[in-house]
Amino acid sequence: MPLTMATLGEVSTIKRIGGKEETRRFLETLGFVVGAEVILIAKNNGNVIVNIKDSRVAISQEMATKIMI
Numbered sequence: 001m002p003l004t005m006a007t008l009g010e011v012s013t014i015k016r017i018g019g020k021e022e023t024r025r026f027l028e029t030l031g032f033v034v035g036a037e038v039i040l041i042a043k044n045n046g047n048v049i050v051n052i053k054d055s056r057v058a059i060s061q062e063m064a065t066k067i068m069i
């Protein structure tokens with residue numbers, strides 16, 4: 001399921017990252033790699049804020065739908 005459907009506060013593991021190559025590289029630089037654990041902190045109009053690798057990152061709904069957990 002996409003990251004946008006995660007439950008607030010729940011620890012999830014990234015299974016797959018879709019999208020174009022440049023999108024996947026961008027997400028990788030933010031720490032979104034297969035096997036990484038993410039915690040959904042907040043949702044706002046589809047956009048999400050997550051904790052990943054001891055950092056808080058905000059990403060758009062479009063990006064979040066490409067991250068499968």
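Take the sequence shown: its letters are residues 1 to 69, numbered as in the UniProt record's numbering.
Cβ coordinates follow ideal geometry from the N, Cα and C atoms, glycine included.
Best match in the options for proximity to residue i [C-alpha to C-alpha]
| i | options | result |
| --- | --- | --- |
| Thr29 | Gly46, Leu8, Ile52 and Val48 | Ile52 |
| Ile14 | Ala6, Glu21 and Ile41 | Ala6 |
| Glu37 | Gly19, Asn44, Asn45 and Arg56 | Arg56 |
| Ser60 | Ile69, Asp54, Met68 and Asn47 | Asn47 |
| Ala64 | Val34, Leu27 and Glu22 | Leu27 |
Close beta carbons around residue i, own chain, < 8 Å, minus the five adjacent residues each side
| i | result |
| --- | --- |
| Leu8 | Leu40, Ile41, Ala42 and Lys43 |
| Glu10 | Ile39 and Leu40 |
Same chain, Cβ closer than 6 Å to residue i, five either side skipped, listed in chain order
| i | result |
| --- | --- |
| Arg24 | Ile17 |
| Leu3 | Ala64, Ile67 and Ile69 |
Close-in-space but distant-in-sequence residues of the same chain around residue i (CB under 7 Å, 5 per side omitted)
| i | result |
| --- | --- |
| Phe32 | Ile14, Ile17, Ile52 and Ile67 |
Restricting to runs no shorter than 4 residues, where is the alpha helix (DSSP H) found entirely within the UniProt domain "Ferrous iron transporter FeoA-like" (1 to 69)? Counting whole runs of 4 or more residues, the UniProt domain "Ferrous iron transporter FeoA-like" (1 to 69) contains the alpha helix (DSSP H) stretches 21 to 29 and 61 to 64.
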